[in-house]
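One structure below.
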Ligand code: FDA
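Numbering (the working numbering), first residue to last: 385 to 706.
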């Protein structure tokens, strides 16, 4: 007999397991190095990742732009531990900026991908270089937020660079207790604030779990930033939150955009775009999709079924679903 309680429990257990799997570097290395596992799991990742090459993401970006969406592009990766590799990553981002001719585009990045795991000064110098290149093209650089152990260093780097380049924005995770104060302080800086719930597994004294309390906090943060007239990206797929923000009249404001990850709730984003709301799709590409895929499955365990179907029939992910 179908028992909704045990199904919900199994889904919650799967989500926790996937978040642990995401952090397991040995497992990740095994997948990346395996000639059998890598291509198989890539089929599942393709629902959320445009492909392995820059041009894969740019082609999708052009298609979405023609349909009236803004785009945010990321060469996917994090925790790069050698200065040479951080340089190569920065060069890839510079090439991406140069190749992206779509107006008002955003380039998203993890600071630990371009230097933070080596040294904060290296991250700041690469970020400055990228911000200058993006400013010439009219693009924004959006810094993603990583595990809470890095939050202070990420915010410090952001503050250093956004003073010179107002086209640099920052992501804030509503699930962290500290974010109340961080959001208030960030209103004194010019960059766009992207509000997310938070994807990383954190200890209970640092973050609150998914649930009504987190949803209430998320709404509170949005209200605070919107009412200050500060540029904001509402980055959630939560339809109830979107409906509430729409009811409050926030979504049509010029400082506000709604941003969703490629492949997740395209139906909802399409409806918002049809209502004249500024909508942005977050596109990723590259070979480092392992952590990204684990997060997307953990956030919504029914995606595990979708992943199995995509592995069996990869044609399912060939069309852009917007
Ligand atoms: P929540 O997880 O509560 O889900 C609400 C509803 O949305 C679900 O019931 C389901 O209907 C739908 N949904 C959510 N996730 C889904 C999925 N994977 N598949 C299908 N449906 C789904 N995090 C972070 O820690 N640092 C960062 O820098 C970023 N950056 C970022 C940028 C952008 C543009 C987005 C949209 C998100 C991020 N995130 C992030 C991820 C974010 O923290 C969060 O984990 C996800 O957005 C999922 O949370 P929701 O707000 O969608 O709500």
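Where is the CB? At the ideal position from N, CA and C, for every residue including glycine.
Partner residues in the beta bridge of residue 664, as assigned by DSSP, are 454 and 643. Taking residue 441 as reference, the option from 667, 702 and 690 with the minimal CA-CA separation is 667.
Annotation: the region 542-587 contains the following complete segments of the alpha helix (DSSP H) (minimum length 4 residues), in chain order: 563-570. If you ignore the 5 residues before and after residue 547, its C-beta comes within less than 8 Å of the C-beta of 573, all in its own chain and listed in chain order.
Placement of the Cβ of residue 523 at a distance of 7 Å or more from every heavy atom of the ligand FDA is found.
Pairwise C-beta distances place the region 620-634 out of contact with the region 402-421, as fewer than three of them are shorter than 8 Å.
Less than 8 Å separates the beta-carbon of residue 701 from that of residue 694.
Residue range 490-493 is occupied by the beta strand (DSSP E) that includes residue 493, with no alpha helix (DSSP H) assigned at that position.
Residue pairing by DSSP places residue 616 opposite 577 and 640 in a beta bridge. Taking a C-beta distance under 8 Å as the contact criterion, residue 679 and residue 583 qualify as a contact pair.
With respect to residue 501, residue 463 sits close: the two C-beta atoms are nearer than 8 Å. Check the Cα spacing between residue 590 and each of 388, 564, 391 and 447: the tightest is with 564. With respect to the 8 Å criterion, residue 677 and residue 428 are classified as neighbours on the basis of their beta carbons. Between the alpha carbons of residue 390 and residue 484 lies a distance of about 47 Å. In the structure shown, the three-state DSSP call for residue 526 is strand. The Cβ atoms of residue 558 and residue 581 sit closer than 8 Å to each other. As for any beta strand (DSSP E) of minimum length 3 sitting wholly inside the region 420-470, the runs are 454-459, ordered along the chain.
DSSP, read as helix, strand or coil, puts residue 602 in helix.
A distance criterion of 7 Å places the beta-carbon of residue 473 beyond contact range of the ligand FDA, judged by its closest non-hydrogen atom. Using a cutoff of 7 Å, the CB of residue 528 counts as near the ligand FDA, since one of the ligand's heavy atoms is closer than that. If the five residues before and after residue 542 are omitted, its C-beta is found closer than 6 Å to the C-beta atoms of 527 and 554, all from its own chain and listed in chain order.
By the 16-neighbour rule on beta-carbons within 10 angstroms, residue 394 is exposed. Shortest gap from the CB of residue 637 to any heavy atom of the ligand FDA: 7 Å or more. Assigned with DSSP and collapsed to three states, residue 669 falls in strand. Around residue 537, the same chain offers 500 and 504 as residues with beta carbons nearer than 7 Å, after the five sequence neighbours per side are excluded. Taking 8 Å as the cut-off, the Cβ atoms of residue 432 and residue 647 count as close.
Between residue 491 and residue 523, the C-beta spacing is below 8 Å.
When 683, 659, 474 and 531 are compared, the shortest CA-CA separation from residue 508 is found for 474.
For residue 580, the CB falls within less than 7 Å of some heavy atom of the ligand FDA. Contact check for residue 416 against residue 674 passes: the beta carbons are separated by less than 8 Å.
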